[in-house]
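Heads up: the sequence shown runs through residues 69 to 622, numbered per the numbering used here.
Remarks on the structure that follows.
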Amino acid sequence: MLKKVLTMSMALTILIVAKSQDLTQKSSSDLSNQTNVTTGASAENVKSITTYESGVKSNGTTSYKVIGTDLVKVMDAPPKLENEDDVLYKIYSDKGSSSAYRKKKYMDTTIPHSADPFAWGDFSWMMGQSRKTSAPAFDSKYFTGDVTFDLNSTYSFADPIDNTVVGSTAVARNNELQLSFAGIGGDIHYGNVRGRIMMQFGNRSTVVPRNDISSYKGQYDMQTIYRYISEAYAGYHWDKWHGINLDAGIFMSYVGLFSYNNFENWGYQPSFTSDNTPWFFNGIRLQTFPTDRLKVEFWLVNGWQSYGTFNHQPGVGASIYYRPTESTAWVFNNYEGHDYALAPGRLRYHLDYSFLKRYYNKPGGKGLNKAAFCITSDFGGESGAGVSPFGHKAGTVPENFISGMAYNRLWFGQHFAWTIGGGFMHNPGQYLILAPTGYADTLFQQQTGPGSKFDAWDGSTTFEWDVNQNLTLKFELVHRHIIDIHGAPGTFDLKGYFAGHGGVTGPGGYQIGNGYTYASNGGAVAPSLASQGGWMPDLSNDDNRAILALMVRF
Numbered sequence: 069m070l071k072k073v074l075t076m077s078m079a080l081t082i083l084i085v086a087k088s089q090d091l092t093q094k095s096s097s098d099l100s101n102q103t104n105v106t107t108g109a110s111a112e113n114v115k116s117i118t119t120y121e122s123g124v125k126s127n128g129t130t131s132y133k134v135i136g137t138d139l140v141k142v143m144d145a146p147p148k149l150e151n152e153d154d155v156l157y158k159i160y161s162d163k164g165s166s167s168a169y170r171k172k173k174y175m176d177t178t179i180p181h182s183a184d185p186f187a188w189g190d191f192s193w194m195m196g197q198s199r200k201t202s203a204p205a206f207d208s209k210y211f212t213g214d215v216t217f218d219l220n221s222t223y224s225f226a227d228p229i230d231n232t233v234v235g236s237t238a239v240a241r242n243n244e245l246q247l248s249f250a251g252i253g254g255d256i257h258y259g260n261v262r263g264r265i266m267m268q269f270g271n272r273s274t275v276v277p278r279n280d281i282s283s284y285k286g287q288y289d290m291q292t293i294y295r296y297i298s299e300a301y302a303g304y305h306w307d308k309w310h311g312i313n314l315d316a317g318i319f320m321s322y323v324g325l326f327s328y329n330n331f332e333n334w335g336y337q338p339s340f341t342s343d344n345t346p347w348f349f350n351g352i353r354l355q356t357f358p359t360d361r362l363k364v365e366f367w368l369v370n371g372w373q374s375y376g377t378f379n380h381q382p383g384v385g386a387s388i389y390y391r392p393t394e395s396t397a398w399v400f401n402n403y404e405g406h407d408y409a410l411a412p413g414r415l416r417y418h419l420d421y422s423f424l425k426r427y428y429n430k431p432g433g434k435g436l437n438k439a440a441f442c443i444t445s446d447f448g449g450e451s452g453a454g455v456s457p458f459g460h461k462a463g464t465v466p467e468n469f470i471s472g473m474a475y476n477r478l479w480f481g482q483h484f485a486w487t488i489g490g491g492f493m494h495n496p497g498q499y500l501i502l503a504p505t506g507y508a509d510t511l512f513q514q515q516t517g518p519g520s521k522f523d524a525w526d527g528s529t530t531f532e533w534d535v536n537q538n539l540t541l542k543f544e545l546v547h548r549h550i551i552d553i554h555g556a557p558g559t560f561d562l563k564g565y566f567a568g569h570g571g572v573t574g575p576g577g578y579q580i581g582n583g584y585t586y587a588s589n590g591g592a593v594a595p596s597l598a599s600q601g602g603w604m605p606d607l608s609n610d611d612n613r614a615i616l617a618l619m620v621r622f
């Protein structure tokens, strides 16, 4: 299977490289026919940014043109423009890939020059990409800061007495203002040596690590060791093709299209496809950019969103990003590994493919000025140790993952947007389901395994106000529904998955006074369910909620 996946990935890469080279050569041919506007030659295709576009304030119009690799000022302007850094950043960087920007601003000759990949277009409209086009708030020759504050308040119409959310990595507590994610860090760059560190605080430092079963293998409590780190990698950059990067550490996966940083997403609560696939990998990645429209990335990692290994073999994968035009993007993610605890002979494979299209664009319009959609489909399965993807082998039961999601987004003026969409998930074997918390997890673990089943769908609509480049407010309505959930043979069927009004923690909703003890890391350890005097967690097949989120990014 691995050979087939890698062969298909390489064949697809060769076809895309050939097409990208054609597009790049055409663009280069168009540019080669241009000469400097000061000589009187044509400059129809020379990129220009005016005071209106960049927000630079002056008494007249000041514009810049990129000719070759030089920034040329067409009209006189004050010696220091108020937002000159933003103008430079908008022209020379790809919304965060700021090597060309630093080279121009700091005259950093240690940064070798090559055409930055994807820097030729504006991709801030894309799901999973930062919408910021302004320069970083904290930047120097050797360090570019990245700081995000993500706060939310969510109301569940079931109104659980313990305020606990089940089955989400975006929200964790009902009827409270919560800090979901405080990301503090940035990128380190010294010549060709590179690194990134992003510390995380808030709910996500618990709700994401708790899903890693590999941390229960052996000692040293890896969930505590790593929980406050969302990204930490270091590596080296080669100025070949349009860039080659080799990194080792913890890095984002982008399987499922949604970004880990909700500031970059169209919605807030991810669809099942995204929430139940990896947010991160721990291992080594090789990023190659054969053209300025294509990224081919290879992974050698510990496992499927895991700090450690589940068995003896590492996980492997390949990712292809292809953007033939500014309005079109393709993403192909492929993964294979042995990621089922205590079953080293069981192989997992997973394919995650996305298509994004901006189908309307009217820059500067006051009404509807932009529209785009995205579609993601996932297919995966497990084989070995009593299971096969569709149960077609004698003596096996089916374990597969088939899911999809689609979203459509409309932009109004410069500050407002509306998104609607949703998805579905079919997961016999329940091997990718987010485990509930509290006593719901106690019941879930007793019924899950080969032969169990989980079918669900979700929908959401999101209203977004982008106050400025750094501040976003979102209001979202979410409905999630379990179509079918039943246990493995010889167990029992759950009555639901999400938290109902009675909650999942205990009588009264509190841990205090109900026999809970605490581990050395501070985690609560629940007593046996039988000790709760007949009380049972209240589970529901429906989750209806409203989310209000405030996000700030510098």
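Glycine is no exception: its CB is placed at the ideal position from the N, C-alpha and C atoms.
- DSSP lists 351 and 383 as the beta-bridge partner residues of residue 369.
- Minimum Cα-Cα distance from residue 529 among the listed residues 218, 244 and 477 corresponds to 477.
- Secondary structure note for residue 512: its alpha helix (DSSP H) is the uninterrupted segment 506-515.
- If you draw a straight line from the Cα of residue 516 to the Cα of residue 495, it comes to about 11 Å.
- With respect to the C-alpha of residue 503, the residue from 259, 466 and 236 having the closest C-alpha is 236.
- Secondary structure of residue 284 (DSSP, three-state): helix.
- For residue 453, the CB contacts under 6 Å within the same chain, skipping 5 residues up- and downstream, are 411, 413 and 414 in chain order.
- For residue 252, the secondary structure class from DSSP, reduced to helix, strand or coil, is strand.
- When secondary structure is reduced to three states using DSSP, residue 544 falls in the strand class.
- When beta bridges are read from the DSSP output, residue 318 appears opposite 300 and 350.
- Per DSSP, the continuous alpha helix (DSSP H) segment holding residue 291 begins and ends at 290-294.
- In terms of Cβ geometry, residue 296 and residue 273 form a close pair [threshold 9 Å].
- Shown here, residue 437 sits in a strand according to DSSP, grouped into three states.
- In the assembly as shown, residue 614 is an exposed residue. Its beta-carbon has fewer than 16 other beta-carbons within 10 Å.
- Below 8 Å, too few C-beta pairs join the region 427-436 and the region 461-471 to call them touching: fewer than three.
- In the displayed model, residue 598 falls within a helix according to three-state DSSP.
- For residue 406 and residue 371, the gap between their C-alpha atoms comes out near 8 Å.
- In terms of Cβ geometry, residue 251 and residue 207 do not form a close pair [threshold 9 Å].
- Non-local beta-carbon contacts of residue 352 in its own chain, meaning distances under 8 Å to residues more than five positions away in sequence, involve 314, 315, 316, 367, 368 and 369 in chain order.
- Excluding its 5 nearest sequence neighbours in each direction, residue 585 has C-beta neighbours in its own chain below 6 Å: 593, listed in chain order.
- For residue 529, the enclosing beta strand (DSSP E) begins and ends at 521-534.
- In this structure, DSSP gives residue 429 an extended state, which the three-state scheme calls strand.
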